[in-house]
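Structure record follows, encoded as structure tokens.
Written out as structure tokens, the structure reads:
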């Protein structure tokens, strides 16, 4: 068995060993081919990289990409401990701003925003940056929530609302509410059990989970984590340029009992998310220092690194092929115009998800809920809505049962929620996810009662006023731009001797 | 007579005694049945609970719910004093942020907002939370005031406005202005005299008070508090699942001279108000501590606890029954669409209150004033407006005489104001309420003069421009959501050595 | 001659003497009749009241209101000095936040806002409160400026703009730009020369001044202050309930060469301005102290006190009478709807001022510029515009030449500016007013050049886009209301042990 | 050779010598004629003025304006060093807030905003003020960016986007993207190489540069700086009142290979930019001091001083003359209405730039992108669009590839970017500009992929929703005006003893 001290010697670009899950690997020759750049590996040259490796790579990644002879065998665990301790001292990594034993009790989370507020402090900054970031100036990400602020209710009175039933059926599968857990990547950044937390909570609350292609857990782990055999799961697919791999994945999903295939069509390339990208510069010094060094690694955040396999040439023509390799219903995830919605319906697909990928892809894409307001009337005009064989889903910015009810009133079968459940398990494990779902259910019951709608069928278009939904009156976005403009100066602010006066004036103006 | 020391021994779940109004009660067996949960009682096990008990329970509650034998008799007052002193020391409760002898003189309150600012500091945090909270993200609560900001005046000139008369008649009863005091619950949280403060001020200012079902004072107390026999009162009714109880209440109200019955139709269940709910977690420790304890009591605020009797199956069919048991005019409180307004008018009811329950029930319900703008034209189209036998009332967010005049111009007979009067008596007793009404009257006189309208009949639809009223351009609501998004980082904000630079930059950007 | 010590003894309600301009008066019997309340006089009982008396009362007020025998004669100036020194020590009045010798050089004022920023610090708080205050929540006052933000330019290119001419003619009188100085009250609050500063600057810059009824200077003083005989002045009239007084005033104005009569029609009563009112409570203690005292004087600010003579019964029928007593052109100041504009034009009056009295009267009255957009098309439809015999003026919120050019493009002959000139002379005397006018002229020249409009005739309706002008999307007004709502709490904000965490979190969220 | 000590003696208005580039000049007689005022020269009387002289004056200015005999010859460099050191000590000028060796590494700049944030700290305050300032209240300058916030995307899916091509052709010249570097003045304020930085980066990235009339570098320097002979440059022209000079400039540009002539038509006079103007008062003391001094120099910022030659009488009639002196295509820069766009097209010109001069000329001019939305449909109606011989360009506020794509979708051939490139080279030289262009290209590739548009031809009008673009709902501009209004007071804020309470309350309200 190798000793840690031996591994530690190979800590250069010329001979670079790393330890993952107790085994040492020689990655010297692999360095230039690493999709995430060589620099991130060199950071761990001669060290144990498991902690950083794990959330980004599904089980088996290393084995599939390295020749067997590069695996150098187990490292003596006793020597490893010292190494780990040394590593901790070396890293000085910025950790969460709240220690685990100070996390507020889960019961203090009264709504889905609360989980986000807690997670912001519980997650490591890099994980927070990856989960919470959006495209460009994050205008679309904010708009996703903001759009609900332009839809208002028209509640009815004096209806018998003693019994409220919000159960429904998605693609023929019963579930407890018009909600599914949508696919999100790199689940282990938030919690060692990764997406399994979602599987368990979904099972317990009779909610459907959509398994992501880019999960930290392996596909099998997530299927195996179901609480019983009847638990329904869907699968989200990034299509690989190598169709053979895609075919293998799809066939396996069907074999293992997955009930529907959601093909992502809004991400031919994964987005530039600057909050995430800034995190990669942690160890970059000042300009002067850098001039004497290697080129800075222009790593562009976690997602970019792992998404190079996605096929940007995917087109409408490919859809028949998918129908030839699976009997699962096929749904397009990421439709953003009525024109594409009509095409999908006319092609006989089984549904669409109106989504902008959580505001992480194209900035100034409209919110899913706004697109829903455009899509349904156009489908209806063409006799394509309502249609039990073609269901409409929406995701993006859903945080409240009122948000869900707005979507249902406007014609959605169900809505997808992603980030809030990641935040929930990052702090509280699967129990957090369950608590979040239960909070939504409590809100659903209350709000349907107050709407005068005992069942989802009673949640009709007339119950929402969407006239303002299509009005976008943002001025300078509350993001990058607003940090650039300066408040204007005044006579007082510039008078030669007015430094102190200006201070006083400023304080006065704030009273 | 019992001694306090004896009571103090029964301070566990297995034997739990409490003192209320000088008498001891054994509530051990009642613990699991308490609508507000057992935990809140256990907090006072072996102690005097009068102070917390009083504002939440109308007189007689204890007697009606406990078997007589559980009343253990009077506690020796001398021993009780020591107990009270001990309790004070134990409680360390967070009190108001302003001491009573430092309350600003009432004359400094120049408008209804001022009472709210003062009350925020005079009230205990729990009382403030109960009174001031709204549903979910409090979007509707804020919109209730905000909607008035989208209605502008078209004042006329050169009319003789030497005499201004804003007296009117509500359901046939004269009153000094188009205003009534609407029903609010738990009045003793703000002041030991509770809703009696409203009764006295209403009498003195010739305003009509609507007595609430959930008053802290008993119904009889509020009727008896009238300053003379001619003082008019209305009654607000939450309908009980047990109709016999409801019938008893309604018949009694009529017998005691109440002049109209306002049936609440927007609250089949009382709302989730998170500001209120958060207060209930005061004594909850950190996560670690809690893991070793009983389940946390998921008490959801004061109102939820006391409202379980409300019948969620109440429907249009029940209205004939009400007409069979009373000759009082019947008004529906909580109408929010023109469809329901038309139904009420066609059914021959005597009026409607356009209300969203002060923003405390369904978030994103529209403001009463906006609904008024929708309802009146639809009634007019059908020949149902104007109609002296079917009056329209509005409440929600009224703070200024200009608000009232906007409603009158748009067709309302009168408007209801609730919270501001609670705030007024919380700091200044009934004199505060009277002062608040007098301020409104002063504003009414001034503003009618400036509008060129000597009487309420002269306040016509052409005097308001409501075109913008129906425009909702909120983006991310200024509440939960806006606390979640982060300002974006910049190159300076992340440079390795820029910590101090960023500080300077931030300060600079604020100059 | 009286000695100061003698006067000083009469310092009670039972015997109250005051000194004004070196003469002592016995005002004991006058106390209850003082329009501003007795309390303000008692503050100066036995003292020299000149400084507070002067700006509020035009010369001669005392003589006209007190019986001659109450004038007790001159006070020995030597003894008075000591008294004045004593008074200074007694007063401890809050003064300006900037000392006179630290006022920034006038050249630092680059626009009209600058004068306001400086004046805010140069004026005594009471004077600032009187000048700067608006009605109720000051929504209309802010809207007056804000409305210009909804009008945008459509500038034309490649026109010869080497010579720019913005001179014009108002009611037949030539002036150097489409601007007049509008009437404002109590000019000595800002500067001992009061409105004379305006007269001088207007003369030097060939601008017309409108003399106010409520000037601190007497009418004669302001006419005498003209820099030459050809300087044109207008007169603003508050109509007295005693028409004989009004007739005397009007006839005198015409005799002394005033060229037009602007009758104020938007102020049958002067407004409630709470910022001004709050100043009157300076010496009010806490509640407890007050309970043992006299009733607090509910003085409602300076303007209310001096405006009781205004006739609220003034109506259209009175206008013929005005035409019978003067040959001056008659203009209605304060028209706010097209209906009244049409009536004025059809009646053969000579013009109207679209104004809401600087936002000081009816809150939620629309801005003059918005009303202009409504009035002109309606007059045009009826063949009443353009009409050289019926000119349209606007005031309210004008601060930039672009504001003026927007009004001209929309059909105004000229605009009125008031407060900014008060602010200008408060810091810099008449030179400040001149500088302010010169700044506006420099802006006019630049902006007409950039608009492609060499003369005012070239400033046509097509040069402005006013489509957004009629959109009012304010939500909660940025004034009283916005101070009442609280930011919502979160799980972190309320966790038992999270006090410090919340602090950190708050700081983090601000980075 | 002169010694520095000799020069230093001539430091008064009566005998004023200055040193520029090592030569001494006697400027005594030139003082009153200096377009920027005499004061700024007197500041350097007897001293070396090179540093301040250089960025504002193109090479040769001094030689052309002074008689030869006023050049006194070289100053001994050894003596000059001491003088320079002395000058440094004298100046105490406020420098940048970030030292050069602390500038963040260029790689930290992830978008164009980042360069601005860095430059704000790297530039001297005077340079920052000149570059970043806008007209009046900077409303148009902010709107230029803000307008993009009202245009949203309608992206299409399932299109083959494996290859993205955003190359295009401007006026027949190929370039790598639909972008050119637009003309900006005084480039040496930011970097000693001035506009040459732009030339080099443009060459390397195959982008076209527009050479400005008011460059700090001479025209020849910028042509010579091209990286090869095929590099395309355009020329921006301010037309001189003296047409002979203009003709000379234009002919020279054509001779030296410039490919197009952009005639500025929105600046008959250069704008009042108050941020820039305030900088000129640096050495102005308090009022008292000033009263004893010379008149303050009312210098109005750098640009005003150097622009007096611009001909304000330029008109449509002059355009034929331009066509007679050059065969270069002629484009009008600064068109702001459809009327003028139609005139330009009908006149057979080669294109227009929809621009408001970066918000530096007429405040409340609309953004170029908004004008584009007005112009294209009107041209189309008249059969003037699309037209390969008449291209439409836009500038103002472009910061993101999404901004560029919006303009392309709406009909623009290319867009101009100015300030961001100045900021880029101010911190990082030409490499900064190159990095900025590369960032835009990375964004272009990503965003076209996400839009479903492999080439610029696929970026069609249906891909943008511009319905909200024409809605201007600004209220009080977030600039001068907003600093003038005060938050309203409340009862608590004014209570006699409430000073500390108000403090607490204020802090509470911020939690």
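Residue numbers (full-length UniProt numbering), protein chains in the order written: chain A, 1 to 511; chain B, 1 to 511; chain C, 1 to 511; chain D, 1 to 511. We treat Cβ as the ideally placed atom computed from N, Cα and C, and that holds for glycine. In this text, all values refer to a predicted model and were calculated from it rather than measured experimentally.
* To do: Would you check if there are 3 or more beta carbon pairs closer than 8 angstroms linking the segment 360-369 of chain D to the segment 316-332 of chain D?
  => no
* Interface partners of residue 314(A) on chain D, CB under 7 angstroms -> By 1-based counting over the first chain, the position of residue 314(A) is 314. Going along chain D in sequence order, the residues near residue 314(A) (Cβ under 7 angstroms) are 158.
* To do: Can you grab the Cα-Cα spacing for the pair residue 223(D) / residue 181(D), in whole Å?
  => Here residue 223(D) is taken as the residue at index 223 of the fourth chain, counted from 1. Here residue 181(D) is taken as the residue at index 181 of the fourth chain, counted from 1. So the two alpha carbons sit approximately 15 angstroms from each other.
* Spell out a yes or no on whether the segment 375-386 of chain B and the segment 126-145 of chain B are touching, meaning 3 or more CB-CB pairs, one atom from each, closer than 8 angstroms. => no
* Does the beta carbon of residue 238(C) come closer than 8 angstroms to any beta carbon on chain B? -> By one-based count along the third chain, residue 238(C) stands at place 238. It does not; no Cβ of chain B falls within 8 angstroms.
* Give a yes or no on whether 8 angstroms exceeds the smallest Cβ distance from residue 518(D) to chain A. => Given that chain D is displayed from residue 1 to residue 511, the structure contains no residue 518(D) and the question cannot be resolved.
* To do: Would you mind working out which of 107(C), 396(C), 357(C) and 340(C) sits nearest residue 376(C), comparing C-alpha positions?
  => Counted from its first residue, the third chain places residue 376(C) at position 376. The shortest C-alpha separation from residue 376(C) is found at 340(C).
* Have a look at residue 12(D) and residue 42(D) and give me their C-alpha separation to the nearest angstrom. => Sequence index remark: in the fourth chain, residue 12(D) carries index 12 (1-based). Sequence index remark: in the fourth chain, residue 42(D) carries index 42 (1-based). So the alpha carbons of these two residues sit roughly 7 angstroms apart.
* Between residue 478(D) and residue 75(D), what straight-line distance do the alpha-carbon atoms span, to the nearest angstrom? -> Taking the fourth chain and counting its residues from 1, one reaches residue 478(D) at position 478. Taking the fourth chain and counting its residues from 1, one reaches residue 75(D) at position 75. Annotation note: pLDDT 48 at residue 478(D) (below 50); position unreliable, coordinate value reported separately. Taking the straight line from one Cα to the other gives about 51 angstroms.
* Asked: Of all Cβ atoms in chain G, is any one closer than 8 angstroms to the Cβ of residue 426(C)?
  -> In summary, chain G is missing from the structure at hand, where the protein chains are A, B, C and D.
* Would you say residue 71(C) and residue 4(C) are within 8 angstroms of each other, going by their C-beta atoms? -> Position 71 of the third chain, counting from 1, holds the residue named residue 71(C). Position 4 of the third chain, counting from 1, holds the residue named residue 4(C). Not closer than 8 angstroms, so no.
* CA nearest to the CA of residue 543(C), picked from 465(D), 466(D), 467(D) and 471(D) -> Since the first residue shown for chain C is 1 and the last is 511, residue 543(C) is missing from the structure and cannot be characterised.
* Which of the three DSSP states, helix, strand or coil, is assigned to residue 385(C)? -> As a first step, residue 385(C) must be located in the third chain, where it is residue number 385. Of the three classes helix, strand and coil, the one that applies to residue 385(C) here is coil, per DSSP.
* To do: Output yes if chain B places a C-beta closer than 8 angstroms to the C-beta of residue 62(A); else output no.
  => Start at 1 with the first residue of the first chain, and residue 62(A) comes out as number 62. Judged by the 8 angstroms Cβ criterion, residue 62(A) is not in contact with chain B.
* Interface residues of chain A around residue 121(D) at Cβ under 9 angstroms? -> Taking the fourth chain and counting its residues from 1, the one referred to as residue 121(D) is at position 121. Neighbours of residue 121(D) on chain A: none; closest Cβ ~12 angstroms, over 9 angstroms.
* **Spatially closest choice to residue 469(A) from 366(A), 218(A), 462(A) and 177(A), by CA coordinates** => On the first chain, position 469 is the one that residue 469(A) refers to. It is 366(A).
* With distances taken between CB atoms, is the gap from residue 398(A) to residue 417(A) smaller than 8 angstroms? -> Here residue 398(A) corresponds to residue number 398 of the first chain, with the count starting at 1. Here residue 417(A) corresponds to residue number 417 of the first chain, with the count starting at 1. Yes, these two residues count as a Cβ contact at 8 angstroms.
* Would you say residue 125(D) reaches chain B, if we count a Cβ-Cβ gap shorter than 8 angstroms as a contact? -> For the purposes of this step, residue 125(D) is taken as the residue at position 125 of the fourth chain. Not one chain B Cβ lies under 8 angstroms of residue 125(D).
* Ranges of the alpha helix (DSSP H) found wholly within the segment 324-388 of chain A, counting only runs of at least 4 -> 338-346 and 368-381
* Asked: Could you give the C-beta distance for residue 218(A) and residue 96(A), rounded to a whole number, given that I count them as a contact under 8 angstroms?
  -> The count along the first chain starts at 1 and reaches residue 218(A) at position 218. The count along the first chain starts at 1 and reaches residue 96(A) at position 96. Going by Cβ atoms, the distance from residue 218(A) to residue 96(A) rounds to 27 angstroms, so no, they are not a contact pair.
* **From 233(D), 460(D) and 1(D), residue whose alpha carbon lies closest to that of residue 255(D)** => Along the fourth chain, one-based indexing puts residue 255(D) at 255. Of the candidates 233(D), 460(D) and 1(D), the one whose C-alpha sits nearest the C-alpha of residue 255(D) is 233(D).
* List the residues of chain B whose Cβ lies closer than 9 angstroms to the Cβ of residue 395(C), in chain order. => Translated into the one-based positions of the third chain, residue 395(C) becomes position 395. Simply none; closest approach about 15 angstroms.
* Does the distance from the CB of residue 432(D) to the CB of residue 115(D) come in under 8 angstroms? -> The residue given as residue 432(D) occupies position 432 in the fourth chain. The residue given as residue 115(D) occupies position 115 in the fourth chain. Cβ atoms of residue 432(D) and residue 115(D): closer than 8 angstroms.
* Candidates 424(B), 489(B) and 445(B), of which the one nearest residue 161(B) by Cα -> On the second chain, residue 161(B) is found 161 positions in, with the first residue counted as 1. The shortest Cα separation from residue 161(B) among 424(B), 489(B) and 445(B) belongs to 445(B).
* Measure the C-alpha to C-alpha separation of residue 266(C) and residue 146(D) and round it to an integer number of angstroms. => If you number the third chain from 1, residue 266(C) lands on position 266. If you number the fourth chain from 1, residue 146(D) lands on position 146. Rounded to whole angstroms, residue 266(C) to residue 146(D) spans 38 angstroms at the Cα level.
* What's the C-alpha gap between residue 48(B) and residue 52(C)? -> Counting from one through the second chain, the residue named residue 48(B) turns up at place 48. Counting from one through the third chain, the residue named residue 52(C) turns up at place 52. Rounded to the nearest angstrom, the two C-alpha atoms are 59 angstroms apart.
* Asked: When the distance is taken between beta carbons, is residue 269(D) closer than 8 angstroms to residue 312(D)?
  -> If you number the fourth chain from 1, residue 312(D) lands on position 312. If you number the fourth chain from 1, residue 269(D) lands on position 269. The answer is yes: Cβ separation under 8 angstroms.
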